[in-house]
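Here the sequence shown is numbered in the numbering used here, starting from 1 and rising by one per residue.
Note that CB positions come from ideal geometry on N, CA and C, so glycine has one too.
Small disclaimer: the values here were computed from a predicted structure and weren't measured.
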Amino acid sequence: MVPTTSKEVFIQGLTLDGKTFRPSDWAERLAGVMGQFRPGGVQPGSHLSYSPWCIPTTMGGVKCVVVNRDLRDHEPMAWDFVMNFAKDNQLQVAEVCLLPDEPRGR
């Protein structure tokens with residue numbers, strides 16, 4: 001179980017034994033499936049973008065999906081689906097706290 005002190009969790013494209021998870025587009029596929037779960041619900045054209053609660057990215061050369069805890073609050077079954085995907089595929093999950101960018105000009 002993931003602790004609840006941060007706003008996001010990273011599902012990393014590395015298995016618990018350190019192997020790269022395949023297929024290589026797994027993060028985009030998972031985030032694509034979750035695209036319908038978003039603030040305000042499904043709207044025309046929303047199927048063409050990722051949900052702000054589930055975003056694929058790459059960190060340090062590793063594919064990841066950033067999952068915002070707001071997904072759990074608004075769509076518990078969708079949260080369970082994503083977390084169970086990670087568990088079933090033995091993917092590394094990290095609790096993160098993203099810091100805002102420092103204001104420019106400092």
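Given a length threshold of 3 residues, each whole run of the beta strand (DSSP E) inside the stretch 1-88 is given here in chain order: 8-15, 54-59, 62-68. In summary, Gly-41 is exposed, with fewer than 16 beta-carbon neighbours lying within 10 Å of its beta-carbon over all protein chains present. Going by DSSP, Gln-92 is part of the beta strand (DSSP E) stretching over 91-96. Below 8 angstroms, enough C-beta pairs join the stretch 3-20 and the stretch 55-66 to call them touching: three or more. Between Glu-75 and Ser-6, the gap from beta carbon to beta carbon reaches 7 angstroms or more. Here Phe-37 has Ser-51, Trp-53, Cys-54, Leu-71, His-74, Glu-75, Ala-78 as same chain residues with Cβ atoms under 8 angstroms from its own Cβ, once five neighbours each way along the sequence are excluded. In the same chain as Phe-85, and ignoring 5 residues on each side of it, the C-beta atoms closer than 7 angstroms to its own belong to Leu-30, in chain order.
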